[in-house]
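Participant: For the sequence shown, the numbering used here assigns the number 19 to the initial residue and increments by one for each residue that follows.
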Amino acid sequence: MAPDRSPRVLMVHTAFLGDVILATPLIAALRRRFPHGHLAFMGAPAGCGLIQGLDGVDEFLVFDKRGADQGWRGGVRRAADLNAQKYDIGLGVHRSLRTALLLARARIPRRIGFATSPLPWLYPERVPWEPAAHEVERNLALMAPLGGRPAGFTPRLALPALPPADGELLPESGPGPRVGLCPGSVWPTKRWPARGFARVAEALAEDAGAQVYLIGSEADREVTREVASLCRGRVWDMAGKTSLRDWVRLMAAMDLIVTNDSAPTHIASALSVPVAVIYGPTTPALGFAPWAGRSAVVEAEGLACRPCGKHGSRRCPEGHFKCMELLPPATVIAAALQLLPRGP
19 MAPDRSPRVL MVHTAFLGDV ILATPLIAAL RRRFPHGHLA FMGAPAGCGL IQGLDGVDEF
79 LVFDKRGADQ GWRGGVRRAA DLNAQKYDIG LGVHRSLRTA LLLARARIPR RIGFATSPLP
139 WLYPERVPWE PAAHEVERNL ALMAPLGGRP AGFTPRLALP ALPPADGELL PESGPGPRVG
199 LCPGSVWPTK RWPARGFARV AEALAEDAGA QVYLIGSEAD REVTREVASL CRGRVWDMAG
259 KTSLRDWVRL MAAMDLIVTN DSAPTHIASA LSVPVAVIYG PTTPALGFAP WAGRSAVVEA
319 EGLACRPCGK HGSRRCPEGH FKCMELLPPA TVIAAALQLL PRGP
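(1) I'd like to know whether the C-beta atoms of PRO299 and CYS200 end up nearer to each other than 8 Å.
(2) I'd like to check one pair, MET256 with TYR297: are the Cβ atoms closer than 8 Å?
(3) Can you name the start and end residues of the beta strand (DSSP E) that ALA314 belongs to?
(4) I need the boundaries of the alpha helix (DSSP H) containing LEU40, first residue and last residue.
(5) What are the complete alpha helix (DSSP H) segments, minimum 4 residues, inside the region 88-137?
(6) Mapping DSSP to helix, strand and coil, what is ALA20?
(7) Quick check: the region 245-262 against the region 214-227, are there 3 or more CB pairs under 8 Å?
(8) Closer than 8 Å is the cut-off here; do at least three beta carbon pairs connect the region 154-174 with the region 32-51?
(9) For ALA271 versus PRO182, is the C-beta distance shorter than 8 Å?
(10) Considering only C-alpha positions, which residue in the set ALA64, ARG84, ASP76 and ASN278 is nearest to PHE52?
(11) Where does TRP254 fall in DSSP's three states?
(12) Looking at C-alpha atoms only, which residue of ARG50, PRO347 and ALA294 is the closest neighbour of GLY170?
(13) Does the region 347-358 touch the region 319-326, meaning 3 or more C-beta pairs lie closer than 8 Å?
(14) Would you please state the rounded distance, in angstroms, between the beta carbons of LEU187 and ASP264? I believe it to be under 8 Å.
(15) Going straight from the alpha carbon of VAL111 to that of VAL276, what length do you get?
(16) Sorted by chain position, which residues of the same chain lie with C-beta nearer than 8 Å to ALA20's C-beta, five sequence neighbours on each side aside?
(17) What residue from ARG125, LEU140 and ARG129 has the CA that sits closest to ALA390's CA?
(18) If you draw a straight line from the C-alpha of PHE78 to the C-alpha of GLY165, how long is it?
(19) Going by the CB atoms, is the gap between ALA353 and ALA10 shorter than 8 Å?
(20) Taking only runs that begin and end inside the region 172-258, name each unbroken beta strand (DSSP E) of 3 or more residues, in chain order.
(21) To which residues does DSSP link TYR297 through a beta bridge?
(22) Around the C-beta of THR32, are 16 or more other C-beta atoms found within 10 angstroms, so that it is buried, or is it exposed?
(23) So, are the CB atoms of GLU244 and ALA286 less than 8 Å apart?
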């Protein structure tokens, strides 16, 4: 009997925003593999909000693991909802116990996950998770039980099409290139010091005539205010003043993004905006380097303590924070100037 080319497929990924963007090539591969199937994506509220409307996805399901769906009761309730939808295939992209239990409780017949997931036996079909591979490639490995990548498939990061930023969202200040600085991160040790970002803002304004925007969420307001207070000259602090969708629209209007190793790295890559990425406790070899487009990696080399973890941490385990403190602004400025478009 020929395989079902129109199955109901559920992909679960409730991790951070950057992780969700790095899983969009898997969405595209699934759509190519099952052009007439029903493809559902389940993610955390922010992740779903970020890619809502992405081409190829038929259904977006919010799993609010820190709110309405938290705890075992929430998981059981949502699993019952999924069971009623009769999915044929479930992919656990996020290597979490919650995801493995959710798909098992939903009684989805074909469950595909990573061999390194918690309780891996909950996935009847398991694939290796390769530490040395890029996260995009690791995610695409989940296609192996489904026949592998479609022929001729080229993985690209993707975001929904959004209208260009308007004047209210993008204060105009002059003819120079627009540079977005993203000094925030969920993990404190991933944040290059605010004084460094301030020096970058000043140098790019002086040397390239750049108009500088500080970009981030409400959670980044404290650090962007600090950067703005340390700058000699005008910067536009947009952190916390936009919705998530408008945050993406603002980034799309930039000629360059300078960011810590966090979600803006992958948003910029998906938008084909040049990006300079500052790495401290993490390294590109962990699998989260810019995937495509013009980019630069900036890091303090020669430190035996790097990387100290997959995500960074609240405090430097060594107590010195050398990975960020030893990274001079001149190095970041040079990388940024190389990526800025040249004038006529």
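Built from N, CA and C at the ideal position, the CB exists for glycine as well.
Note that the structure is predicted; figures quoted are calculated from it, not measured.
Facilitator: Taking the geometry as given:
(1) no
(2) no
(3) 313-317
(4) 35-40
(5) 89-103 and 115-123
(6) For ALA20, the predicted structure reports a pLDDT of 47, less than 50, and the residue's modelled location is therefore unreliable. The matter cannot be settled from this model.
(7) yes
(8) yes
(9) yes
(10) ASP76
(11) strand
(12) ARG50
(13) no
(14) 6 Å
(15) 28 Å
(16) With a pLDDT of 47 at ALA20, under the threshold of 50, the modelled position of that residue is not reliable, and no figure is offered here.
(17) Nothing can be reported for residue 390: it is not among the residues displayed for the chain, which extend from 19 to 362.
(18) 25 Å
(19) An answer regarding residue 10 cannot be provided, because it is not within the stretch 19 to 362 covered by the chain.
(20) 196-200 and 229-232
(21) GLU317
(22) buried
(23) no
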